[in-house]
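Peer 1: The structure follows.
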Amino acid sequence: MKDAAPAQIHLRDYTPWPWEVTRTELTFRLDPDATRVTSRLSLRPRPGAAPAPFFLHGEELALLSARIDGIPVSPSVTPEGLTCAVPDGPFTFEAEVEIAPAANTALEGLYMSNGVYATQCEAEGFRRITYYPDRPDVLAPFDVRIESDAPVLLSNGNPGASGPGWAEWHDPWPKPAYLFALVAGDLRAVRDRFTTRSGRAVDLAIWVRPGDEDRCAWALESLKASMRWDEERYGREYDLDIFNIVAVDDFNAGAMENKGLNIFNSALVLASPDTATDSDYERIESVIAHEYFHNWTGNRVTCRDWFQLCLKEGLTVFRDQEFTKDLRSAPVKRIEDASLMRARQFREDGGPLAHPVRPESFVEINNFYTITVYEKGAEVVGMLKRLVGDDAWRRGCDLHFDRHDGQAVTIEDWLSVFEEVTARDLAQFKRWYSQAGTPRVSVSEEWDGTHLTLTFRQSTPPTPGQPEKAPLVIPFAIGLLHPSGAELLPTTVIELTATTETRRFDAAALAAAKGLDTARPVASLNRDFSAPVIVDRPRTTEENAFLLAHDTDPFLRWDAGRDLARAVLCDRATGAAADDGAYLDGLAAVLEDPALDPAFKAQVLALPSEDDIAQTLADRGLPPEPLEIRAAGETQRDRIAARLGDLLARTHDASATPGPYRPDAASAGRRALAGASLALLSRRDGGALARAEFAAAPDMTRSLAALSALLSVGAGAAELAAFEARWRHDRLVMDKWFALQVVRAAPAEAAATARRLIGHPLFTWTTPNRVRSVMGSLAGNAAGFHHPSGAAYDLYTEGLLTLDARNPQTAARLSTAFETWRRYAPDRQAAIRHRLDRIAATPGLSRDLGEMVGRMLG
Ligand code: PHE
Ligand code: ZN
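Note that UniProt numbering numbers the sequence shown so that position 412 is 412, with each residue one more than the last.
This is how it looks when you write it as structure tokens:
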């Protein structure tokens, strides 16, 4: 039986647990259907704790026996856990439970993936393994014994004794249960070694299924680069003798930072030139880094409660972004991150699922592993760094690690170290953590012939539960350009704190200092996307063309080009006359500029996403029509191909990367530009060039680029079949095959394509990657998803319900495809609402999906 209204958990209700766990000892006797877990917790009252009943979390466990100080007891058990009378002083609690990993399709707790035992405990999966205080503020050293005939037996920490059929592990670093991990199975290791700067030798191993050993080299390189980078940039060293990474095929998320034993979705570990694309290589590098960086930001210093999730995730995403900037191109990475914010986080922040970076209540914590907590959380960290400066940033981080090592802390603790280091009051800055919604900064200009006066007005719209918003501290980077293109005012960060702020610039003096005549400058606003805000200062076509050609800030150049494209697409999508002259000229100039990075050119060449156009129209009060948006993009691509065809052909040829595949940023950038050019050129030649490239493709990046170009011009059937025949036995490559067909399907065929693929013998509801490759891709094909037939809505709804019965967490995540429903015209709103109501009324719906649908229906 399911409760009518599952309980909301509130930040304000936090109370510490009245006991401390001084040691956790676990023994696993593994069996697919009946694994026995025995636990022995050494406990003592926390000094000063108020008396409370002794409660341990536990879900879906069969309790076989329990003992306190060795004496059998009979705790009272509910579906959420057990309670028990306990002595006043220190005591031990022992339990034996039975669980069934093979039947666990939710992939939380202990489960099996392709015959391999694996765990996923964040956020609250440990309670499906045994009875425990499953909360991040209870830390303990763990000793683990695994008994199984599987050849490889792994857990956290350093290896202890082992023998045939058993192995012991000891993790000396106190940790919360969510960082526990266990892996057992027939796995092979690819090994390396890293010596930390203080001389500690660390054995590195990546564990994969037999046959995948030749796809681990990139992950290992990325791991060593991450370890070196954290030493150099943050002074942080690794702290165990061994660092293990395991690749599993069935995984709800990307990867997990379990102490000393990271578990990864195999898609984010395995790479070879013929199976992985350049984007896969970049993703693997950054996720390996992300999980490694958690060793300090998350593990050594952890979160007091799950409301503080952004403490580890925002900071760790920020760190992995910095890492990618250092290893690759900083401007291109900034463009990627800003695009992600605008495409997905602004959408979340502007809809029914909006929540603060630090939420104040939840029903199911799994639903708060969001783009807001992660990416906006990282933007907030980036703003903090910008405000305090590089030097204070590093001193503040050092103090944070020093002071809170081994502790479970809060955002207040995190901010207070920066207040100490800088003597600056961060109370107003803290609103970034508590206020949801994307702030708008509207900028107006006044020019008196010598001075330019800029007036900034900030506002944040109401969001669910937050009707009123207070002003934020916004670090707003600007520059001023002379009409000749010369920079008058180099990048300057203005701190906006009041609702309205004014700044006056003596443009005449700035010009004179450079020997230039006095002329009204062009303002370049929110350079480098210095704050995650919407800048409300419509730029004219001329200004955009000027900034695209001249701005010194690469992000803003790209942004100006994007604005030009957006204006043209919005006009086309609403039947207005569209003038793309300046846009096409600007594109041509960028392509022809030999000084520009090919990766940057590829970014400029990409059109804004259909969702971006839909949101832009909705912001103007125009209900978007996805089919019209698709048609606008198609027309625009045809026009780019017609107008710039010869230049694209030259660009394509000049971007060739002969020789063996190398995954570095420069080579990847050239391939990205070649691929973008190829897609456009296919519109002129019906796919002839793409067909030839597919046949001769030397690597997966180019194979997929060619196949994608073919499918977007309605060709490629033979190539799809050839691809399937070649890669049928490779799960990761087949995910790409499934996804591409759905993403590239014509709007009227998208639902039918997805339905056919769900019927494919290789489709399965139990592997999240495969489900996402069809369902996620259907949601990503906006014109197909929102096709007026409603076929995609129906298929998606059925799919969510089918999935929810097996894997609630992934179903809830996928349900966000419906979060934009209120931006559409009434008939489409009604159509979506009808499906959401149907889901909400389904008996036995999970807490995860139930909460999401409830919030979306608002
Ligand atoms: N903590 C993981 C990360 O971001 C993400 C994750 C959350 C994985 C929950 C699985 C389950 O690095
Ligand atoms: Zn993380």
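Even glycine gets a Cβ: it sits at the ideal position worked out from N, Cα and C.
Within 10 angstroms of its Cβ, does residue 788 collect 16 or more other Cβ (buried), or is it exposed?
Peer 2: exposed
Peer 1: Look at residue 673 and residue 554 and say whether their C-beta atoms are less than 8 Å apart.
Peer 2: Result no, Cβ atoms of residue 673 and residue 554 do not sit closer than 8 Å.
Peer 1: Can you tell me which residues form a DSSP beta bridge with residue 170?
Peer 2: 143 and 158
Peer 1: For residue 64 and residue 275, I'd like the C-alpha separation in whole angstroms.
Peer 2: Approximately 47 Å, taken between the alpha carbons.
Peer 1: For residue 636, name the three-state secondary structure that DSSP assigns.
Peer 2: When DSSP states are grouped into helix, strand and coil, residue 636 belongs to the helix group.
Peer 1: Could you tell me whether the Cβ atoms of residue 170 and residue 203 are closer together than 8 Å?
Peer 2: no
Peer 1: State yes or no: is the C-beta of residue 245 within less than 8 Å of the C-beta of residue 271?
Peer 2: no
Peer 1: Helix, strand or coil for residue 855? Go by DSSP, reduced to three states.
Peer 2: helix
Peer 1: Using only the heavy atoms of the ligand PHE, determine whether one of them is closer than 7 Å to the beta carbon of residue 256.
Peer 2: For the ligand PHE, a non-hydrogen atom lies closer than 7 Å to the CB of residue 256.
Peer 1: For the ligand PHE, I want to know if residue 131 counts as a neighbour, meaning its beta carbon is within less than 7 Å of at least one of the ligand's heavy atoms.
Peer 2: no
Peer 1: With H, G and I counted as helix, E and B as strand and the rest as coil, what does DSSP make of residue 303?
Peer 2: strand
Peer 1: For residue 530 and residue 577, which I take to be in contact (beta-carbon distance under 8 Å), what is that distance rounded to the nearest angstrom?
Peer 2: Between residue 577 and residue 530 the Cβ distance is about 35 Å, and since that is not below 8 Å, they are no contact.
Peer 1: Leaving out five residues on either side along the sequence, give the residues of the same chain with a beta carbon under 6 Å from the beta carbon of residue 254.
Peer 2: Hits under 6 Å: 265, 268 and 287.
Peer 1: Any idea if residue 207 is buried or exposed, counting beta-carbon neighbours within 10 angstroms, 16 or more meaning buried?
Peer 2: Around the beta carbon of residue 207, 16 or more other beta carbons lie within 10 angstroms, which makes this residue buried.
Peer 1: Going straight from the alpha carbon of residue 896 to that of residue 604, what length do you get?
Peer 2: A query on residue 896 cannot be resolved here, the shown segment of the chain reaching from 1 to 858 and no further.
Peer 1: Suppose you measure from the CA of residue 765 to the CA of residue 56; what does that come to, to the nearest Å?
Peer 2: 32 Å
Peer 1: Below 7 Å, is the gap between the Cβ of residue 316 and the nearest heavy atom of the ligand HEM?
Peer 2: Summarising the ligand content, the structure contains the ligand PHE and the ligand ZN and does not contain the ligand HEM.
Peer 1: Let me confirm a value: residue 859 is counted as buried when at least 16 other C-beta atoms fall within 10 Å, else exposed. Which label applies?
Peer 2: Because the chain spans 1 through 858 in this model, residue 859 falls outside it and cannot be assessed.
Peer 1: Taking 8 Å as the threshold (C-beta atoms), are residue 234 and residue 227 in contact?
Peer 2: no
Peer 1: Assign residue 608 to buried or exposed, taking buried as 16 or more other Cβ atoms, counted over all protein chains shown, within 10 Å of its Cβ.
Peer 2: buried
Peer 1: Just to confirm before moving on: does the CB-CB distance between residue 310 and residue 358 stay below 8 Å?
Peer 2: Using a Cβ distance threshold of 8 Å, residue 310 and residue 358 count as a contacting pair.
Peer 1: If you reduce the DSSP assignment to three classes, tell me which class residue 345 lands in.
Peer 2: helix
Peer 1: Considering just the uninterrupted stretch of the alpha helix (DSSP H) at residue 310, what are its terminal residues?
Peer 2: 309–327
Peer 1: Going by beta-carbon coordinates alone, are residue 205 and residue 191 separated by less than 8 Å?
Peer 2: yes
Peer 1: Measure the alpha-carbon distance for residue 37 versus residue 146 and round it to whole angstroms.
Peer 2: 9 Å
Peer 1: Rank 230, 441 and 778 by C-alpha distance to the C-alpha of residue 292 and give the top, closest one.
Peer 2: 230
Peer 1: Would you mind working out which of 464, 537 and 744 sits nearest residue 779, comparing C-alpha positions?
Peer 2: 744
Peer 1: Can you tell which of 815, 45, 746 and 809 has the C-alpha that lies nearest to the C-alpha of residue 775?
Peer 2: 815
Peer 1: Counting only the same chain and skipping the five closest in sequence on each side, list residues whose C-beta sits under 6 Å from that of residue 846.
Peer 2: 804 and 808
Peer 1: Does the pairing of the stretch 706–717 with the stretch 679–692 give three or more beta-carbon distances under 8 Å?
Peer 2: yes
Peer 1: Which same chain residues, not among the five before or five after residue 859, have their C-beta less than 7 Å away from its C-beta?
Peer 2: Given that the chain is displayed from residue 1 to residue 858, the structure contains no residue 859 and the question cannot be resolved.
Peer 1: I'd like the list of long-range same chain contacts for residue 189, defined as Cβ closer than 6 Å, with 5 residues on each side in sequence excluded.
Peer 2: Counting only Cβ-Cβ distances below 6 Å, and skipping sequence neighbours, we find 205 and 207.
Peer 1: Under 8 Å: do the stretch 612–627 and the stretch 338–349 share three or more Cβ pairs, one atom per stretch?
Peer 2: yes
Peer 1: Using the three-state DSSP reduction, which class does residue 138 fall into: helix, strand or coil?
Peer 2: Coil, per DSSP.
Peer 1: Please state whether DSSP places residue 475 in a helix, a strand or coil.
Peer 2: Strand at residue 475.
Peer 1: Is residue 495 near the ligand ZN, judged by its Cβ being under 7 Å from some heavy atom?
Peer 2: For the ligand ZN, not one heavy atom lies less than 7 Å from the Cβ of residue 495.
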